[in-house]
Amino acid sequence: MLTSLKTSYTDTRAADLAWALGREPLPALAVLDLELSGAKLQLRLLGASHQVLLEEEGRTCSETVACMPGSSTPLPLGVSKRVGGWEYEFAARVETLSDGSFAGRAQELLALVADHPHGLAGTFPGSPHAFTAMLAQRHEGQVRWRTWHAYPQEGQLVVTRTRIGARMPAAL
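Per my numbering, residue 1401 is the first one in the sequence shown, and the count goes up by one each step.
As structure tokens, this is what we get:
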């Protein structure tokens, strides 16, 4: 699902993003409710980026990646921890692209997410390449989502990947 968000950027630089677990639901500009094999997942686009709410078998998890006033937790490169009996893994990276590469990558990602049944993307006013996009799936008993936060004025794309669920057995 692709939507035009009726707000200006709250987080105007990739460096402004912070990460948090366990926050209460924040006001959302767009929401996509999903049912993934018994897991209820809510993808939420915020004026300040994204929030994901997960509920399964009476357990819950909330992930927020956004510009959060007063937050002292910057966006980590990686996190691995137990959350409500689940194994939670988060990874983030920042891609810096040329203007031409950025525009092409933005179009490619928006096309991927816009028509996907488990995808939500929102474009911000002022630039067709200013967007936040999210894509979720269930794979091998785990719920996974990827997000992209675009900052065309900096030529930066923040990419996150999250996986939560039962611990995967080690490959032999």
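Here a beta-carbon is modelled for each residue, glycine too, at the ideal position from N, C-alpha and C.
Bear in mind that the values here come from a model prediction, so they are computed numbers and not experimental data.
- If you draw a straight line from the Cα of Gly-1438 to the Cα of Leu-1432, it comes to about 16 Å.
- If the five residues before and after Ser-1480 are omitted, its C-beta is found closer than 6 Å to the C-beta atoms of Glu-1489, all from its own chain and listed in chain order.
- Just so you know, the alpha carbons of Arg-1482 and Leu-1426 end up roughly 23 Å apart.
- Taken through DSSP and simplified to helix, strand or coil, Asp-1515 comes out as coil.
- CA-CA distance, Pro-1474 to Cys-1467, rounds to 9 Å.
- With respect to the 9 Å criterion, Ser-1404 and Gly-1522 are classified as neighbours on the basis of their beta carbons.
- Shown here, Ala-1414 sits in a helix according to DSSP, grouped into three states.
- Residue pairing by DSSP puts Arg-1544 in a beta bridge opposite Gln-1537, Arg-1563.
- According to the DSSP assignment, Cys-1461 belongs to the beta strand (DSSP E) that extends over 1459-1466.
- With the rule of 3 Cβ pairs closer than 8 Å, the stretch 1542-1558 counts as touching the stretch 1499-1516.
- Annotation: the continuous beta strand (DSSP E) that includes Gly-1478 extends over 1478-1483.
- Rounded to whole angstroms, Trp-1419 and Gln-1451 show a C-alpha spacing of 10 Å.
- Rounded to whole angstroms, the separation of the alpha carbons of Gly-1458 and Arg-1493 is 32 Å.
- Per DSSP, the continuous beta strand (DSSP E) segment holding Gln-1442 begins and ends at 1439-1446.
- In this structure Glu-1508 is exposed. Its beta-carbon is surrounded by fewer than 16 other beta-carbon atoms within 10 angstroms.
- With contacts defined by Cβ atoms closer than 9 Å, Ala-1533 and Pro-1552 do not form a contacting pair.
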